[in-house]
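Structure first, commentary second.
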Amino acid sequence: MSNWLQCSRRCFWNRTNYGTRALSSFDKIPRAPPDKILGLTEQFSKDKNAKKVNLTVGVYKDNQGLVTTFPTVAKAQKILDQDENMNSDLSYLPIIGSPAYRKSTLNFLFRDSCPESGPKLLEQERVSFVQTLSGTGALVVAADLLAQFVSRTVWIPNLSWPNHTNIFKRHGFNDVRQYSYYENGKLTVDKWIDNLKKNVKKNDGSRHCIILHACCHNPTGVDPTVEQWRKILDAVRELEMIPIIDMAYQGLVSGNPAKDAYVLRMCLDESRYGNWPHGLFLCQSFAKNMGLYGERVGSLSVVVPPNQPESKGNVESQLKQIVRSMYSSPPAYGCRVATLVLSSDDFKRDWYKDVESMVQRLLNVRQGMYDRLGWEGLINFEQQHGMFFYTGLKPHALNRLRDEYSIYMTMDGRLSLSGVNDHNIDYVCDAFKAILD
1 MSNWLQCSRR CFWNRTNYGT RALSSFDKIP RAPPDKILGL TEQFSKDKNA
51 KKVNLTVGVY KDNQGLVTTF PTVAKAQKIL DQDENMNSDL SYLPIIGSPA
101 YRKSTLNFLF RDSCPESGPK LLEQERVSFV QTLSGTGALV VAADLLAQFV
151 SRTVWIPNLS WPNHTNIFKR HGFNDVRQYS YYENGKLTVD KWIDNLKKNV
201 KKNDGSRHCI ILHACCHNPT GVDPTVEQWR KILDAVRELE MIPIIDMAYQ
251 GLVSGNPAKD AYVLRMCLDE SRYGNWPHGL FLCQSFAKNM GLYGERVGSL
301 SVVVPPNQPE SKGNVESQLK QIVRSMYSSP PAYGCRVATL VLSSDDFKRD
351 WYKDVESMVQ RLLNVRQGMY DRLGWEGLIN FEQQHGMFFY TGLKPHALNR
401 LRDEYSIYMT MDGRLSLSGV NDHNIDYVCD AFKAILD
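The sequence shown begins at 1 in UniProt numbering and counts up one residue at a time.
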């Protein structure tokens, strides 16, 4: 039988016999690797060891190992749930979000957190704003806008949240670079600045964006000092780069969310930096500092240059287009909770107390682990902040922790401190000692 006839019969068989597997375009779709963090959580859920400990995901847990609702947030939820008018309104929010959420969040970010420079920006209408699907959504919308109109080059720390690279590569950036942030247990600020000065030319017509972790750097937990930040921002401004401030952990340094916006305040200091000629992008969320993880409550603020009255409206119109094509409008419930928490001084005062309690527990975990392990980095409180500690453990040690002790950490060696509590701290520290002996 000729090859042609054999091929014809096979094709006919595939077309007419639906019980057999036909060729499909889906054959071209390969299996993607599991998410570096959430994939481990899936493994953890299948682990049968009663002593298993999850130190992967950046979700705050109390001393009982539970993800609980902040008391202030619970109070706000109760008020909302009893409001018949609010509960009967299930219509879509506007594309750029709830007007009440917009007002309360802008006031929190640019009045409470930046009292010297922020109010002027709001009065001059120099801040374009859109409610987003948490901080991740803010980064995605920012990347889309920048890639369309401004730049396709972004600098990300050599150690960073893995999704940073993923987001920018998938949303139009064809040049994703790394700057030296952390090596051998130390920040490398001078090397970072050298990286930028050797590779960014402000007069060549290209525009370079740069991701800046506002505080509680993920994954290392190590932040530059204020003096180091000044040197960094001096270089970023001199090179006319576009700052993208990722402020996911506002409040987890000091327990005071407004106080922790120091990088934003420094950037907006006109006496030192004037104005950012190509804009400044602020991506923030209330996931970590209000515990609204699953509600996806965040925002993107774009500070536009002065003396360009049309810029704010132009930017906002493009943000609407991006959101409309992506998810049409944001969810309503979580932003209503956040709006209520931000709506009065009494509510905010109680919220700050909740954040303070969270920070104090994380500090206690650091101290407890230091007492058992002697790792000095744990209690370097000038620079070590937030939910994470970077252990520097290599993959073979992390695999041993998982396989022999059912202790799960991300493969970059990041330890999520809130997964440690009074009931498992001895077990966790004994396991660390065993694999390091």
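Every residue, glycine too, gets a C-beta built ideally from N, C-alpha and C. Quick caveat: nothing in here was measured; it's all calculated off a predicted structure.
Decide yes or no for the touch test of the region 167-187 against the region 306-324: beta carbon pairs closer than 8 Å, at least 3 of them. With a cut-off of 8 Å, the region 306-324 and the region 167-187 do not count as touching, because too few Cβ pairs lie within range.
In three-state DSSP terms, what is Ala298? According to the sequence as given, residue 298 is Gly; it is not Ala. Note: Gly298 maps to strand in three-state DSSP.
If you drop the 5 nearest sequence neighbours on each side, which residues of the same chain put their C-beta closer than 7 Å to that of Gly291? Cβ-Cβ distances below 7 Å link Gly291 to Tyr60, Thr69, Phe70, Val73 in the same chain, with the five nearest sequence neighbours on each side left out; the list follows chain order.
Taking Cβ to Cβ, would you say Leu109 is nearer than 8 Å to Ser301? Their beta carbons are under 8 Å apart, which means Leu109 touches Ser301 by this criterion.
Which of the three DSSP states, helix, strand or coil, is assigned to Pro71? Looking at Pro71 - three-state DSSP - the assignment turns out to be helix.
Quick check on Lys288: buried or exposed, where buried means 16 or more other Cβ atoms within 10 Å of its Cβ? The residue in question, Lys288, is buried, as its Cβ has 16 or more Cβ neighbours within 10 Å.
Tell me the start and end of each unbroken beta strand (DSSP E) in the region 26-110 that is at least 3 residues and wholly inside, in chain order. Within the region 26-110, no complete beta strand (DSSP E) run reaches 3 residues.
Would DSSP call His423 helix, strand or coil? Under the three-state reduction of DSSP, His423 is assigned to coil, being neither helix nor strand.
What is the rounded straight-line gap between the Cα of Asp430 and the Cα of Lys201? Distance between the alpha carbons of Asp430 and Lys201: 51 Å.
Look at Ser418 and Asp47 and say whether their C-beta atoms are less than 8 Å apart. Taking the C-beta atoms as reference points, Asp47 is found no nearer than 8 Å to Ser418.
Please state if the CB of Gly65 and the CB of Cys216 are separated by a distance shorter than 8 Å. No, the pair does not count as a contact, with Cβ atoms beyond the cut-off.
CB Asn163 to CB Thr136, shorter than 8 Å? Yes, the pair counts as a contact, with Cβ atoms nearer than the cut-off.
Residue nearest to Thr188 in terms of C-alpha spacing, selected from Gly205, Ile210, Trp229: Nearest to Thr188 by alpha-carbon distance, out of Gly205, Ile210, Trp229, is Trp229.
Own chain residues within Cβ distance below 7 Å of Asp354, not counting five before or after: Contacts found: Phe70, Pro71, Thr72.
On the three-state DSSP scale, how would you describe Cys215? Coil.
Please state whether the Cβ-Cβ distance between Pro243 and Leu212 is less than 8 Å. Closer than 8 Å, so yes.
What does the alpha-carbon distance come out to for the pair Ser343 and Ser104? Between Ser343 and Ser104, the C-alpha separation is close to 6 Å.
Taking C-beta to C-beta, are Ile156 and Thr410 nearer than 8 Å? Going by C-beta atoms, Ile156 is not nearer than 8 Å to Thr410.
Which term fits Arg349, buried or exposed, when burial requires 16 or more other beta carbons within 10 angstroms of its beta carbon? Arg349 is exposed by the Cβ-count criterion.
Distance between beta carbons of Trp192 and Ile232, contact taken as under 8 Å: Indeed, because the Cβ distance is near 7 Å, the residues count as touching under 8 Å.
Given a threshold of 16 other Cβ atoms within 10 Å of its Cβ, counted over all protein chains shown, does Ser151 qualify as buried or as exposed? When all chains shown are included, Ser151 counts as buried.
How many angstroms separate the CA atom of Gln284 from the CA atom of Tyr427? Between Gln284 and Tyr427, the C-alpha separation is close to 35 Å.
Any idea what DSSP makes of Cys114, helix, strand or coil? Annotated three-state conformation of Cys114 is coil, per DSSP.
By DSSP's criteria, Val127 is part of a beta bridge. Which residues make up the other side? Partner residues in the beta bridge of Val127, as assigned by DSSP, are Val303.
What are the partner residues of Ile244, as DSSP defines its beta bridges? Residue pairing by DSSP puts Ile244 in a beta bridge opposite Ile211, Phe281.
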